[in-house]
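2 protein chains.
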Amino acid sequence: MGKSDETRNKITETALTSFRERGYEQTTIRLIASEAGISVGNAYYYFPTKNHLVQELYLRVQSEHRERVAPIFASTTDLPARLEGALLAGLDSLSPYHDSAPGFLSAAISPTSAVSPFGADAAAPRELAISVFRDAVDGSTNAIPAELRQQLPQLLWLLYMGLALFWVYDNSPGQKRTRRLASRGSKLFGMVLPFARLPFVRGALKEALDIAAEAQS
Amino acid sequence: MGKSDETRNKITETALTSFRERGYEQTTIRLIASEAGISVGNAYYYFPTKNHLVQELYLRVQSEHRERVAPIFASTTDLPARLEGALLAGLDSLSPYHDSAPGFLSAAISPTSAVSPFGADAAAPRELAISVFRDAVDGSTNAIPAELRQQLPQLLWLLYMGLALFWVYDNSPGQKRTRRLASRGSKLFGMVLPFARLPFVRGALKEALDIAAEAQS
DNA sequence: AATTGTTTCTGAACACGTTCAAAACTACTG
DNA sequence: CAGTAGTTTTGAACGTGTTCAGAAACAATT
Numbered sequence: 000m001g002k003s004d005e006t007r008n009k010i011t012e013t014a015l016t017s018f019r020e021r022g023y024e025q026t027t028i029r030l031i032a033s034e035a036g037i038s039v040g041n042a043y044y045y046f047p048t049k050n051h052l053v054q055e056l057y058l059r060v061q062s063e064h065r066e067r068v069a070p071i072f073a074s075t076t077d078l079p080a081r082l083e084g085a086l087l088a089g090l091d092s093l094s095p096y097h098d099s100a101p102g103f104l105s106a107a108i109s110p111t112s113a114v115s116p117f118g119a120d121a122a123a124p125r126e127l128a129i130s131v132f133r134d135a136v137d138g139s140t141n142a143i144p145a146e147l148r149q150q151l152p153q154l155l156w157l158l159y160m161g162l163a164l165f166w167v168y169d170n171s172p173g174q175k176r177t178r179r180l181a182s183r184g185s186k187l188f189g190m191v192l193p194f195a196r197l198p199f200v201r202g203a204l205k206e207a208l209d210i211a212a213e214a215q216s
Numbered sequence: 000m001g002k003s004d005e006t007r008n009k010i011t012e013t014a015l016t017s018f019r020e021r022g023y024e025q026t027t028i029r030l031i032a033s034e035a036g037i038s039v040g041n042a043y044y045y046f047p048t049k050n051h052l053v054q055e056l057y058l059r060v061q062s063e064h065r066e067r068v069a070p071i072f073a074s075t076t077d078l079p080a081r082l083e084g085a086l087l088a089g090l091d092s093l094s095p096y097h098d099s100a101p102g103f104l105s106a107a108i109s110p111t112s113a114v115s116p117f118g119a120d121a122a123a124p125r126e127l128a129i130s131v132f133r134d135a136v137d138g139s140t141n142a143i144p145a146e147l148r149q150q151l152p153q154l155l156w157l158l159y160m161g162l163a164l165f166w167v168y169d170n171s172p173g174q175k176r177t178r179r180l181a182s183r184g185s186k187l188f189g190m191v192l193p194f195a196r197l198p199f200v201r202g203a204l205k206e207a208l209d210i211a212a213e214a215q216s
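Chains A and B, in that order, are what the protein sequence lines are.
Throughout the first sequence, residue numbering follows numbering that gives the first Met the number 0, covering 0 to 216 in sequence.
Throughout the second sequence, residue numbering follows numbering that gives the first Met the number 0, covering 0 to 216 in sequence.
The following block contains the structure:
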């Protein structure tokens with residue numbers, strides 16, 4: 000490992016630790032630089048923006064999500080159960096950051112930001128995030144119409160993004176309300192899913208999926 | 000009108016004009032103060048935060064939304080048509096600000112912000128925004144189950160918030176893609192609405208509405 | 001008119017994210 | 001070794017939103 004990587008890692012670790020302990024706004028570049036024993040300008044040599052440091056955090060949370068979700072996926076092939084597991088595992092991975100979630104949200108939501116989950120800059124991490132839900136769908140044994148099965152991962156990911164937004168605003172203890180919403184929602188999904196095969200439902204479903212497809216750039 | 004109101008108005012007008020012409024980030028407090036012929040500190044005497052100036056913008060856009068939607072509501076009692084009209088009118092009201100929408104979004108999305116559409120600080124303007132969709136529902140002649148009719152305004156407003164988010168990210172010319180999504184979505188809503196009365200659909204619908212009700216604080 | 005209290009206003013100051021010219025360091029070449 | 005080209009690092013500087021001690025303007029009372 001060269002000197003360069005060493006510096007970069009020191010910055011990353013210092014930043015991520017501070018993000019967890021102090022939150023987004025309280026973690027200033029000057030503080031990171033000081034704790035990492037480097038100069039302010041040097042931090043900017045490696046990360047063009049404070050937001051780019053958040054991207055590192057985003058990756059960590061995501062890989063933790065994958066770890067947490069693996070045993071759940073191994074335990075059942077029922078899609079609603081897998082969905083609930085994936086959602087709750089995601090919330091678990093996010094939980095250390097709830098206190099400063101608003102700051103992260105502001106930083107992440109803007110399309111011009113490097114960390115926007117919808118933006119072009121984060122296409123790779125987004126694909127990774129979607130793949131969790133692709134695994135959830137692919138590993139399930141439920142009967143799902145082909146068109147739906149194909150688009151479902153992205154739609155579930157979008158749902159998850161909405162849930163995460165709800166979670167940011169949720170100040171119930173332990174974000175219990177969000178967890179309950181995830182559980183009940185997943186169960187409702189299980190109630191409704193079988194109807195997707197009904198002939199007269201498929202027409203509307205087809206149209207809905209077509210709209211969703213067109214909406215994606 | 001006292002001197003105080005005069006100053007306040009000068010600040011508001013200067014800020015809103017600049018927001019429209021220069022966008023959110025380019026509109027600095029120093030610029031507003033200079034153009035309004037006052038000092039920086041004086042602006043802060045009237046508005047505790049730059050975000051609070053955005054709230055004024057929010058109100059303007061909303062009242063324009065109401066104006067635009069009135070003739071549409073007068074022209075039809077069909078709920079899907081009224082919904083489409085309300086959505087498109089909303090987009091029309093937003094359109095002057097699309098270029099700098101990311102900045103506004105970042106400022107508005109955080110729960111700690113005074114202008115967050117979901118936060119407690121903006122409860123009054125939110126109710127006003129929801130009332131547009133309440134009018135859309137109340138003035139319609141479609142047959143809608145009572146439980147659904149009661150919660151529909153808030154759900155449609157939530158949908159509208161999602162559409163607005165999509166609109167921020169939409170860089171198709173004239174945000175055509177968002178408009179198309181609104182139109183097709185409204186029509187699909189019209190296709191699906193009659194099924195809400197079907198007995199075996201009502202069970203799932205009841206559960207969905209119950210979840211939605213529980214999710215709201 | 002003078003005094004007192006309140007409202008309105010000022011501008012310097014602070015910490016922040018970010019930029020940049022130049023310094024310091026490293027690796028390689030003649 | 002000396003020199004050169006490239007990489008890494010520095011710290012002062014900029015413009016930003018925001019704060020604050022105090023000045024100025026105004027209102028009310030004596």
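Note that CB positions come from ideal geometry on N, CA and C, so glycine has one too.
None of the values given here were measured: they were computed from a predicted structure.
- The alpha-carbon separation between Gly22(B) and Ile210(B) amounts to approximately 39 Å.
- Take Ala212(B), set aside five residues on each side of it, and the residues of its chain with a beta-carbon closer than 8 Å to its own are Gln150, in chain order.
- Scanning its chain for C-beta atoms nearer than 6 Å, with the 5 sequence neighbours on each side dropped, one finds around Ile71(B) the residues Gly84, in chain order.
- Rounded to whole angstroms, the Cβ separation of Leu82(A) and Phe188(A) is 6 Å, and the two are in contact under 8 Å.
- The count of Cβ pairs closer than 8 Å, one atom from the segment 100–111 of chain A and one from the segment 45–63 of chain A, reaches three, so the stretches are in contact.
- In terms of Cβ geometry, Tyr168(B) and Pro110(A) form a close pair [threshold 8 Å].
- Interface annotation, Val167(B): in contact with chain A, CB-CB separation under 8 Å.
- Contact note: Ile210(B) reaches chain A through Leu180, Arg183, Gly184 and Leu187, using a C-beta cutoff of 7 Å and chain order.
- Taking C-beta atoms under 8 Å as the contact rule, Arg178(A) and Leu78(A) fail to qualify, at a distance of about 19 Å.
- Taken through DSSP and simplified to helix, strand or coil, Thr177(A) comes out as helix.
- Listed along chain A, no residue sits closer than 8 Å to Pro47(B) by beta-carbon distance, the nearest being about 17 Å off.
- For Asp134(A), the enclosing alpha helix (DSSP H) begins and ends at Ala122 to Asp137.
- Straight through space, the alpha carbons of Leu93(B) and Phe199(A) are spaced by roughly 37 Å.
- No Cβ-Cβ contact shorter than 8 Å links Ser115(A) with Ala123(A).
- Here Thr13(A) really is in contact with Ile31(A); their C-beta atoms are around 5 Å apart, less than 8 Å.
- From the beta-carbon of Pro110(B), the residues of chain A found nearer than 7 Å are Pro101, Val167 and Tyr168.
- Taking the Cα positions, Asn41(A) is about 48 Å away from Arg183(A).
- Using a CB distance below 9 Å, the part of the segment 189–200 of chain A facing chain B consists of Met190, Val191, Phe194, Phe199 and Val200, ordered along the chain.
- With a threshold of 16 other beta carbon atoms within 10 Å, Ala135(A) meets it and is buried.
- Burial is judged here by how many other beta carbons sit within 10 angstroms of a residue's own beta carbon; Val39(A) has fewer than 16 and is exposed.
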